[in-house]
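Participant:
In the numbering used here, the protein residues as written are 206 to 477.
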């Protein structure tokens, strides 16, 4: 088990050194800046309620300790985990892959309404395995305060946010041939025409680090088959040439229930 469990994206970028003076966030009080929790602690004294439950929950899932999980969630969510197959999925996965390890929850936002006993935390769940490649999952955890304390009341995988994150990771990896698969047909054709791709490839080739761009989530809305994701793209973040671009991506859900990006506002329509 790794000695760290939960860390905010803001803290992680500070570690890189550059963002300490460059990347300031508005509404910092709503951002998740949660403490590092060691493997011998179920929570740190500095972890605010109810967000310490995130670490405990994924630790319990990793250990296939569903008795502990039941203590951390509402009765309604316990039933839903069983009904939806969530529980069976993780029981099987952990049983088949003992090397599966929960690394951390990379928090990008949190909010608590103490008066009404409600809260949520949004972020990326990081898993590793020696047997298989594990994909990070963007998730939203909701909490409710009950008579005996806070409990997790739901967990949602946010596919539109996840797809946008994967889109920029694909750019960073230089896998430009895969980019049209993220896009709707009209936008995909624009990329396939080569003009934007050629410019992007040229700029990517000049990058002197392994991190060409990073997407930082600020906000999102999902309504039926439409979604938009707002954030900041950080280009060449580990160099003196770092550039920050606000961006909003619009997405549409297709007939096969997949999501496609149909508009990107903030870059490429102007010179980056």
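Where is the CB? At the ideal position from N, CA and C, for every residue including glycine.
1) Helix or strand or just coil, what does DSSP make of residue 320?
2) If you draw a straight line from the alpha carbon of residue 351 to that of residue 405, how long is it in whole angstroms?
3) Go ahead and label residue 313 buried or exposed: buried means 16 or more other beta carbons lie within 10 angstroms of its beta carbon, across all protein chains shown.
4) Would you call the stretch 335 to 352 and the stretch 315 to 325 in contact, with 3 or more CB pairs under 8 Å?
5) Taking all protein chains shown into account, do 16 or more other C-beta atoms lie within 10 angstroms of the C-beta of residue 441, making it buried, or fewer, making it exposed?
6) Who are the Cβ neighbours of residue 304 in its own chain at under 6 Å, not counting the five residues just before and after it?
7) Would you call the CB atoms of residue 418 and residue 466 closer than 8 Å?
8) Hey, residue 450 and residue 437: beta-carbon distance below 8 Å or not?
9) Entirely within the stretch 330 to 415 and at least 4 residues each: give me those alpha helix (DSSP H) ranges in chain order.
10) To the nearest angstrom, how far is it from the Cα of residue 261 to the Cα of residue 277?
11) Taking only runs of the alpha helix (DSSP H) that begin and end inside the stretch 268 to 330, which ones reach a length of at least 4 residues, in chain order?
12) Taking the beta carbon of residue 415 as the centre, do at least 16 other beta carbons fall within 10 Å, making it buried, or is it exposed?
13) Pick helix, strand or coil for residue 264, following the three-state DSSP scheme.
14) Please name the residue in 388, 308, 290, 393 whose C-alpha comes closest to that of residue 458.
Facilitator: Considering the structure as presented:
1) By one-based count along the chain shown, residue 320 stands at place 115. In this structure, residue 320 counts as coil in the three-state DSSP scheme.
2) Position 146 of the chain shown, counted from the start, is the residue given in the question as residue 351. Position 200 of the chain shown, counted from the start, is the residue given in the question as residue 405. When rounded, the distance between both Cα atoms is 51 Å.
3) For the purposes of this step, residue 313 is taken as residue 108 along the chain shown, with counting starting at 1. Buried is the call here.
4) yes
5) Taking the chain shown and counting its residues from 1, one reaches residue 441 at position 236. So residue 441 ends up on the buried side.
6) Here the question's residue 304 lines up with position 99 in the chain shown. 334, 335, 336, listed in sequence order.
7) Here residue 418 is taken as the residue at index 213 of the chain shown, counted from 1. Here residue 466 is taken as the residue at index 261 of the chain shown, counted from 1. No.
8) As a position in the chain shown, residue 450 is number 245, starting the count at 1. As a position in the chain shown, residue 437 is number 232, starting the count at 1. Yes, the pair counts as a contact, with Cβ atoms nearer than the cut-off.
9) The stretch 330 to 415 contains these whole alpha helix (DSSP H) runs: 364 to 377, 390 to 397, 400 to 410.
10) Here residue 261 refers to the residue found at position 56 of the chain shown. Here residue 277 refers to the residue found at position 72 of the chain shown. One C-alpha to the other measures close to 8 Å.
11) Runs of the alpha helix (DSSP H) inside the stretch 268 to 330: 271 to 277, 280 to 289, 291 to 301.
12) Looking up residue 415 in the chain shown gives position 210. Answer is exposed; the Cβ neighbour count stays below 16.
13) Numbered from 1 along the chain shown, position 59 holds the residue referred to as residue 264. Looking at residue 264 - three-state DSSP - the assignment turns out to be helix.
14) Mapped onto the chain shown, residue 458 falls at position 253. Nearest C-alpha to residue 458 among 388, 308, 290, 393: 388.
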